[in-house]
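Beneath this line is the structure, given in structure tokens, with notes to follow.
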Amino acid sequence: MFDGFTMDRVDVGEVELRVRHGGTGLPVLLLHGHPRTHATWHKVAPALADEFRVVCPDLRGYGKSSKPQTDADHTPYSKRAMARDMVNLMRALGHEKFAVAGHDRGALVAFRTAMDHPEAVTALIPMDGLPVVEHLERCDARFAAEWWHWWFFGQTDKPAERIISADPDAWYTATDEHMAPEAWDDFREAIHDPATVHGMLEEYRAGLGIDRRHDEDDRRAGRRVRCPTLVLWSSKDDLEDLYGDPVRIWADWADDVRGHSIDSGHHMAEEAPELVADAIRTFLNERVRRTSSGAT
Numbered sequence: 001m002f003d004g005f006t007m008d009r010v011d012v013g014e015v016e017l018r019v020r021h022g023g024t025g026l027p028v029l030l031l032h033g034h035p036r037t038h039a040t041w042h043k044v045a046p047a048l049a050d051e052f053r054v055v056c057p058d059l060r061g062y063g064k065s066s067k068p069q070t071d072a073d074h075t076p077y078s079k080r081a082m083a084r085d086m087v088n089l090m091r092a093l094g095h096e097k098f099a100v101a102g103h104d105r106g107a108l109v110a111f112r113t114a115m116d117h118p119e120a121v122t123a124l125i126p127m128d129g130l131p132v133v134e135h136l137e138r139c140d141a142r143f144a145a146e147w148w149h150w151w152f153f154g155q156t157d158k159p160a161e162r163i164i165s166a167d168p169d170a171w172y173t174a175t176d177e178h179m180a181p182e183a184w185d186d187f188r189e190a191i192h193d194p195a196t197v198h199g200m201l202e203e204y205r206a207g208l209g210i211d212r213r214h215d216e217d218d219r220r221a222g223r224r225v226r227c228p229t230l231v232l233w234s235s236k237d238d239l240e241d242l243y244g245d246p247v248r249i250w251a252d253w254a255d256d257v258r259g260h261s262i263d264s265g266h267h268m269a270e271e272a273p274e275l276v277a278d279a280i281r282t283f284l285n286e287r288v289r290r291t292s293s294g295a296t
């Protein structure tokens, strides 16, 4: 798994991140979602490594990255803090500019990285995700019924950690069908670690509060994503069914947006890695490599 890649632990200032990196070419950062680790990219990253320098970290709070002490606003687990981690990580690896793709919760971090650090991000690829304020403003009875875990995870007076950690395999009912054995073991180790469960839930709590406020501040100020943006979503998941065309929604936040569905269930990097890798490769070659070479 991840043949030719190096595993490191990188100090990014506030925390340390576990990261795999390898390949040669334009740098691209791949961000996992909940409840995965960087290992969710174990089929996609090697497929991109012939053309790109691929970096796959565990987000703070997840996997084997640091789990900082939280505060009342959950600021240490905000997407802004995580975005700062990403920029510092890429600089530590020698990359001042990079493309970023993120799946699920990683899409929220990728968006915040592009929004807060436009000088660093050359392209944005959100996968199965919208700006968190868009999810919350569109919340209706159906959303609450189908995505109820957002509210369950968000409770602090009756924390979900004890319930999940009592039987993590019953809670996270994933199978190893689409995972290499090492990726499966990494996932199971993460969900069986109470500190990781707490870190993951803190990130959701930040999403319901401080992350939403950051999105609202950006919208009021007219801040937008300026880099080329490719929106991907799973055709067998419910994002489009709940909200309509994700590209239309992202067009309210980004200047240059295109997108399409991937024939897959939610965990597209594991279920349809060839389609995901091809979409990323084609987009970056058309929209980033050509621009950086001076072509028009």
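Under UniProt numbering, read the sequence shown as residues 1 to 296, first letter to last. Heads up, the beta-carbon is just placed ideally off N, CA and C, and yes, glycines get one too. Being a predicted model, the structure only gives us computed values, none of them experimental.
{"Query": "Using 8 angstroms as the threshold, is the stretch 66 to 75 in touch with the stretch 104 to 113, meaning 3 or more CB pairs across them?", "Result": "no"}
{"Query": "Cβ of Ala92 within 8 angstroms of Cβ of Val12?", "Result": "yes"}
{"Query": "Between the C-alpha atoms of Ala47 and Ala120, what's the straight-line distance to the nearest angstrom?", "Result": "24 angstroms"}
{"Query": "Ordered along the chain, which non-local residues of its own chain (more than five positions away) have a Cβ less than 6 angstroms from that of residue 305?", "Result": "Look at the range of the chain in this structure, 1 to 296, and you will see that residue 305 is not part of it."}
{"Query": "Rounded C-beta distance between Thr122 and Lys97? I'm assuming under 8 angstroms.", "Result": "5 angstroms"}
{"Query": "Report the option in Ile164, Asp58, Gly25 whose CA atom is closest to the CA atom of Ala99.", "Result": "Gly25"}
{"Query": "Which residues in the same chain have their Cβ closer than 7 angstroms to the Cβ of Arg212, if we skip the five residues on either side of it in sequence?", "Result": "Val132, Val133, Leu136"}
{"Query": "Residue 303 by DSSP, collapsed to three states: which one?", "Result": "Missing from the structure shown is residue 303; the chain here goes from 1 to 296 and no further."}
{"Query": "Compute the Euclidean distance between the alpha carbons of Asp140 and Asp50, then round it to the nearest angstrom.", "Result": "44 angstroms"}
{"Query": "Mind checking Arg142: buried by the 16 CB within 10 Å criterion, or exposed?", "Result": "exposed"}
{"Query": "For the stretch 238 to 254 against the stretch 190 to 205, are there 3 or more C-beta pairs whose distance is under 8 angstroms?", "Result": "no"}
{"Query": "Count the other C-beta atoms from every protein chain shown that fall within 10 angstroms of the C-beta of Trp250, then say buried if there are 16 or more, exposed otherwise.", "Result": "buried"}
{"Query": "For the pair the stretch 176 to 188 and the stretch 31 to 42, tell me if three or more CB-CB distances fall below 8 angstroms.", "Result": "yes"}
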